[in-house]
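Notes follow once the structure below has been shown.
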Amino acid sequence: MTVTATEICVLTAALLACLIVGSLHLKVNLWLYAMSTLFIALATAAAALEHSETGLFVIAILIALLKSIAIPKFFSWAIDKLHVYRDLGAIIAPPLAMHAAILLFSLSFILTKEIPSPAGPGNGWFGAAGGISLVFTGLLLMLTRRLAISQIFGFLVIENGIYVFALTQTKGMPLMVEMGILLDVLVGVMVSGLLLFKIQKSFEHIDVGQLTQLKEP
Amino acid sequence: MTALLHWLTFLLSIILLPVLTLGTIRKTKARLQNRIGPPICQPIYDLVKLSRKGETISSTMCGVFRLSSLLAFADILVLAWLTPWLCFKPWAPHSNIFMVVYLFAFARMFTLLGSLDSGSAFGAFSASREATLSLLVEPAVLLALVSLGIFFGSSDLRVIFSHQTNQTFTDSAIWIAAGLAIFFSSLVELSRMPVDDPTTHLELTMIHEAMILEASGRNLALIEFAHALKMSIFFGLASQCFLRAFPQFNTFNVYSQGGLNIVGILGLALFVGLLESLIVKLQWRKVPEFIAYILSLSLIASLAAIGAGVIK
Amino acid sequence: MNFFISVTAIPLATVILSLTKLKVEQLRLVVPVMSWLQFGVLTFLSLPALQNNHSFLTFSVDFSIEKIGACFLLLTNFIAAASITHATCFFANEKLVGRGEDPQHEKLYYAACALFVTAMSFVFLSDNLGLLWVSIEATTLFSAALVYFSRDKHSLEATWKYLIICSVGIAFALLGIILIFASSQHGAIAGGSLSLRLLVDHANELQPKLLQFGYIFCLLGFGTKAGVFPLHTWLPDAHSEAPAPASALLSGALLNCALFSICRVTEIIQVSGHSFFATFLPISWGALTALAASFFLIHQVGIKRLWAYSSIENVGIMLVAIGLGSPPLFFFQALNHSLAKVALFLLSGNIIQSAGTKELKQIKGILQVSPSWGITFAAAAAAVTGMPPFGSFVAEWMILSHCGDLVQRIAAGVLLFALALSFIAVSLHVGRILWGKPKHQIAVLPTFSSTLIPLLLCIFSLLAGSTCLPTFFFD
Amino acid sequence: MQIQDMATFEMLAVLLGFLSLALFFGHRKHLKPAIPAALTFLASLAAMAWLILTWGHNFHWQTQAPFLLGVFPLTFEVDGLTRLFLLLLSTLTCAVSVFSPSYISHIAAKTHAGQYWICFWLFIVSMYAVVSSADAITFLVAWELMSLASIALVATDHSHQSVQKSAFIYLGATRVASAFLAGGFLWMHSITGSWTFHDWTFCIESTYIPAFLILIGFCIKSGIWPFHIWLPYAHPSAPASVSAIMSGFMIKVSVYALIRILVFGALNSLWIIAIAFALSVISTFWGVLFALVQNDLKKLLAYSSIENIGLVVMAIALSLYARAHSLPTIADLAIIAAVFHSWNHGLLKCLLFLSAGAVDAQAHTRDLRSLGGLAKRMPWTMAFFFTGSFAICSIPPLNGFSSKWLLYESFFQNILLSPTAIEKGLSLAVICLLSAVGALAIAVFVKAMGVGFLGVARSKSAQRAQEAGVGILVAQAALVILCVASGANSEFVCRLIAQSLTSSGLKVSYTISNGLPTGTVAILLSMLAASIYMIFLKTSKVTKYRTWDCGFGSLTEKTQVSADSFAQPLARIFRPFLRYQNSAKFEGADRRHFPEEVTVETQIISILENRVYLPALALFGGLAKLLSRLQAGSIHLYLLYVCATLCLLLILGMTL
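Protein chains in written order, with my numbering: chain A, 1 to 217; chain B, 218 to 529; chain C, 530 to 1004; chain D, 1005 to 1660.
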């Protein structure tokens, strides 16, 4: 069993994502997210080298540009604009949540062990684990954060995880589908970013933990 | 010719027996109280007197009151024709147990309505009590008759009361049980002691007398006569039951049977007079318990009949 | 490419028209026409598929359609056209009760609506699982704009929950699709494929474990979008906060899209021979959803929340139909549900305008306010709760009578219970609304145009149940 | 083939006719009631004529496309049994349509006439359809339509909260009933593969559960204990014209269906028969017991319906039992009793409800506590109500007795013929109970008659009552004539029923050799009464004077017996079942010793409602509340649900 460069990049990205859970500072989160995404772009590039597919290169560049530069820039701008720099945390404390994230990181290795990879038995295990771990981390992030903006981060991490999973577990998703997904994510981020400002405007905060008006009596 | 004779005797007994029964009871009671008492035929004189008088009715009443006594009377007459209370009774169509019981209910229902017509509280309270009693006593009467029906395998009273089989001990026992049940439930049906005191003078404790409180003149005559006739019918049935308990009864010819029957009815009247002199009226709340005993008597009779059927 | 243009041309034109400086009154005349035109175009396009029973009509590489898909496509566009037509009247009345001052919002609504409907159409048209996913995600994004229409705190909250929960759910669906794609790469199809037709054809050769997990994730993902219990949490909020015509679309069309996606994926796994999994899971989950939703119906306070939960209940029933492996049955139930539920939502919109409140307790005596509304409302409520002679009775009866083995029979029992409970709960609320004396000043007087569309929908629902119309789907 | 085309044509005609009527009348709030009533009358008359003219012929129709129910054809069948029930329906509809015009004008202010008539027609037509349906789906469709229409009719006067409440209770009960039926039908379909009632037999063990479900469904809808709870709410709330049909026919639809499905299907499970038997015995007793303490005239009638439907179901159960034990004479007798009693009770209850409606319309109240003295003001209504009451108390020679006698007789025969002592004893107990119930029924109706019609009026509105309109009287008179006629010719009717049942496929023979002399008794009774009146009473001199007042004078309406106090001695005996709740209110300045006004109110507490149904409803409510806590509004919670579901599914996926 060999560990490829792709897998190393992926695992690094997953660990970086785990670190996001540990901090409540939005800017730190953003930076960590950008780094994590960059590693994913690197992983894509490595995979492109491995399978010598030019299409993947294009995607790697797109990810690097859009997800690790444009989106963080946008949110950084939004943070400044909203004057919110720190999340309040929900359910469990951040350090504890980070430990949980790391636990889930290791759990994902156990969960993905049995996944048969098209590249042959044993191959792609770490990649799958990284992907699943990212999904878990993202979910955890969404669960343990109160601010709307952090929930978007969580969602982005989940999206990253799924992308990683697709990258490592399949041989070449159709390009059109990949692009469509990327576009959707982008639009989604834009829409939710827009909503962010609306929430700030209407409620004078972006704490979604307080949005509990709509419920059963 | 014999048919005509039968009819004549029958009509005569319908007219005379009720009055004599009533008279016997009164006479017995008077004698036991060390009074001479009215003659046995006194009820006849009473009725004649009543039918000569005019009626006074409440201005609240509508036609229901007079209609009720009329229909109740007619109903009891029909019953007298249908029910084999006398063994020399002429032919009548199918006299079904259930029909007989419900024809009695017919009369009772009209009496109840009549008592409610005046808007008087006495009549209404007694009607309410009468309805309560009937709830308990109707099953008793019905089961007493049904016990005979079960034993003789028919719901037609004609068949039951003309049964001529070689009598066994079971037969006698069932006849006696049914007779007792019919007799005792008749005490309730007829508002006699210990359930109701027909000679009481306090409206609040009366049952039957309060229901007819507003009646007078011919109307009262009808009611009184119907009541007396009803009594004879019940006593007739009961006395026949007792008589048929003796195997020898079937061997007698029809005249002696008829004579015994009449003697039986008057004997029962005598017994009632005796009873009424010896016991007191029960408190209203204790009455249901008394009727419960009667009902269980009927039940025992029916169960015995079923048991006899199963053993047979 | 031609195909692509023909499908998107009219909606794009609508979008452009809506974003120009056209007056909103003019737009109200144009948009319904456009939507009916679009319905016509799509009918024309899918006509061959409707005539053929079992063959696919291929438009281009990734786009094809078969009979049931075409039926769904037409249903969705029909519902959309009806809803938009009613919306024009609805928004005109909205002015009367002092809401919706900004005409820009309404114009945006029409634009978003056109895009939303197009995205939904692509759900039925796409043969490619990836594109299917993209379309579903697009519906979420576009409909978010519809939910956010009234731009108050509540609608904002509803939109946020809708967006986040559905996006997370849909993300899982994507994971599921990737797993299915991975399963196809294990020797079944060279290089793997996302084409549904290919996947169904090669279902036996797919890697079973991956397929199974892919199915689970898809069920979870699309189930979130469809509102199965306990993933339904966003649904009552979104449905009650959106303006009535948009709620109608969400309930009558969007849920069908999500369920249709589940149906397509289920088809693969049922053909693959792991049918136990693909039968047991949707049936039991569907029954559970219906049961839970019927309980939710009991203590409802909001008129539109009531219908939202009723939609969830129907989603449960449709999921059972999917689990039974009968797409026509699923479609028939969806058809009836959509017709009746859209009528209900549209009428509820009218009633809310008239009563000035969404609270069930405050609304009384609608039968006195307007017998035509009242009777149509009662009829639609009867239709949605599965009363004869409406179509849903026949559909539910067929679903119940299809339940054969033990698990299915238990599910049928649960469904019977849920149906009874939901009928009782719904009619309790409906009775309270219809009967009695009106509590409020009547703000909007009932007009012919505000009753027309719901009435027509009810009549269609009636025809679906009391004529031989359904035999068309069951050939 | 031709007949099938005819069915399609007829369907079309009915649909179009209905549609045009709906369009013409539906939107009119005010309407001359004579027009729709005349239409109803003519249609019912036509139906009756058709039913009589085609006597002895069986018809079977199946609709063709496009008149399918989705993919299912509608199938109808008219055979002997159907015909008997349809004839009852058309008779009742005729009577009610004669009754309606003047009655409806009394309630016009509270009713939307167009909606009322549309619902009424739908109700009637769907009942025709239910009874003549030949398969489960047609049955259920018509059944649900019948229920929906009747719910709408119950809620005719929906501005009252109490009416709404009744409608809701009725609605709940009826839906639960159809859920049971649907369950049973579906189950039977999965066993036999057929929807047609003809193909269903309940002789093997696997069919017992569906048979049980079907039984429960029909028991709910016909108001058998303990499912009767809806009936005393629904029947009084509806307008009299509707409650007459509901009580007169709608609850008999269940009886019909029980006969059609279970008796024709030869159910032989002793357990189910025993359950049906036990429930019906309890219903007769319970119904009459609660009727006794009702003060609302229509509520009293509704409870009496529970009693009578109990009798009918009892007869059906006995018939099933006897057939299962191959005692054909008893089975035949009992099934004839069931059908005959359904007929009689239909006529009688319709009559009584119409009378009660007339009283309600004239005196503006149905509360016995404020009625009284109507006899002088409404003599005809009184006469009809009294006749109906006598008949329903099964007083010979009226029709109520004839059918009840059959029931008695079949139990009596069962004592004679059934093989084991236990069954004999049980039959004896039932006879005993029946007679007690009969006596109670007499008390009930004496109360209704005596307190309602006799004595002095207890309220101003009762004082001002006038005799009802001609239509109202004619309708009642017609029903009275039918009651008397079918009572006097009971043997003929029994033979007719036996023949009809035989022609529908159930071999039934009427074997009583010497029948009841009801006719003779009737004639004799009336002749005797007439002659005694002529010669004895007519010539009597009558003086009118005050009621006997012990010399105190000033008897008022308050000194009469009240409805409550009339029932009190009986109610006291049944204390365990009838729980009273007394509340007294003292008013006045010195309230303690010299109150100006004392109000005492007695209320009956329904044990079943308080101990069973309300807790059950509370359980559902509590569950719903518990479940709605899930929807707490927090998005984090919602995301947690997603995670939890994911985990659950993954575990499921790994283990399966």
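C-beta: ideal position from N, C-alpha, C; glycine also.
Going by C-alpha distance, which of the options is nearest residue i?
i	options	result
L192(A)	P765(C), F671(C) and V757(C)	At residue 192(A) the sequence reads Ser, which differs from the Leu that was named. When only C-alpha atoms are compared, the closest one is F671(C).
R1663(D)	K754(C), A821(C), R938(C) and A909(C)	For chain D, the structure presents residues 1005 to 1660; residue 1663(D) sits outside this window and is missing.
M1131(D)	L1092(D), Q1119(D) and F1103(D)	L1092(D)
L1324(D)	F1415(D), N1348(D), P1240(D) and F1570(D)	F1415(D)
L446(B)	G526(B), N251(B), I261(B) and W224(B)	I261(B)
L986(C)	F532(C), A872(C) and L548(C)	A872(C)
S1422(D)	G1459(D), T1369(D), L1322(D) and L1437(D)	L1322(D)
V844(C)	A775(C), I534(C) and S790(C)	S790(C)
W1125(D)	H1193(D), G1176(D), S1048(D) and V1082(D)	S1048(D)
L167(A)	F197(A), H99(A), K73(A) and W125(A)	W125(A)
L875(C)	A910(C), I718(C) and I841(C)	A910(C)
Check the Cβ-Cβ distances between residue i and every residue of chain E, and say whether any is below 9 Å.
i	result
T385(B)	Included in the structure are the protein chains A, B, C and D, with no chain E among them.
Name, please, each residue of chain C whose Cβ falls closer than 9 Å to the Cβ of residue i.
i	result
H1031(D)	P900 and S901
F965(D)	Because chain D here runs from 1005 to 1660, residue 965(D) falls outside it and cannot be looked at.
S1166(D)	None at all; the shortest Cβ gap to chain C is about 12 Å.
R1370(D)	What R1370(D) touches in chain C: nothing, since even the nearest Cβ is about 21 Å away.
Name the chain C residues that come within less than 7 Å of residue i, Cβ to Cβ?
i	result
T1649(D)	L749, P759 and L760
P1070(D)	T996 and C997
A166(A)	I707
Strictly below 7 Å CB to CB, what residues from chain D border residue i?
i	result
M142(A)	L1643
L175(A)	Simply none; closest approach about 29 Å.
Closer than 8 Å by beta-carbon distance: list the chain D residues that pair up with residue i, in chain order.
i	result
H311(B)	N1518, G1519, L1520 and P1521
K968(C)	What K968(C) touches in chain D: nothing, since even the nearest Cβ is about 12 Å away.
F342(B)	V1565 and S1569
Which chain A residues sit within Cβ distance under 7 Å of residue i?
i	result
I1688(D)	Residue 1688(D) lies beyond the stretch modelled for chain D, which goes from 1005 to 1660, so this question has no answer here.
Are there any heavy atoms of the ligand MG lying less than 8 Å away from the beta-carbon of residue i, as far as the coordinates show?
i	result
V1441(D)	Absence of the ligand MG is noted for the structure shown, with no ligands found whatsoever.
Please compile the residues from chain C whose C-beta is within a distance smaller than 8 Å of the C-beta of residue i.
i	result
K1629(D)	H828
I1141(D)	W926
T170(A)	I707, F710, A711, Q714 and G721
Assuming residue i contacts residue j under a Cβ cut-off of 8 Å, what Cβ separation, rounded to an integer in Å, is found between them?
i	j	result
F860(C)	F977(C)	Actually they do not touch by this definition, with Cβ atoms about 32 Å apart.
Taking one C-beta from the region 848-864 of chain C and one from the region 809-816 of chain C each time, how about it: are there three or more such pairs within less than 8 Å? yes
Count the C-beta pairs between the region 682-693 of chain C and the region 644-659 of chain C that are closer than 8 Å, then say yes if the count reaches three, no if not. no
So if I threshold CB-CB distances at 9 Å, which residues from the region 145-160 of chain A count as touching chain C? A148, Q151, I152, G154, F155, I158 and E159
With a threshold of 8 Å, are at least 3 pairs of Cβ atoms found where one atom belongs to the region 1386-1403 of chain D and the other to the region 331-344 of chain B? no
Three Cβ pairs or more, each shorter than 8 Å: is that satisfied between the region 263-277 of chain B and the region 1535-1552 of chain D? yes
Contact residues within the region 280-294 of chain B, judged by C-beta distance below 7 Å to chain D: V281, R283, L287, L288, F290, A291, D292 and L294
When you compare the region 445-465 of chain B with the region 1564-1571 of chain D, are there three or more beta-carbon pairs, one atom per stretch, that lie closer than 8 Å? no
Given a limit of 7 Å on CB to CB distance, which residues of the region 688-712 of chain C reach chain A? T688, W689, L692, I693, S696, V697, A700, L703, L704, I707, F710 and A711
At least 3 beta-carbon pairs within less than 8 Å: the region 741-751 of chain C vs the region 784-801 of chain C: yes
Could you tell me whether the region 1443-1457 of chain D touches the region 405-423 of chain B, using the rule of 3 or more Cβ pairs below 8 Å? no
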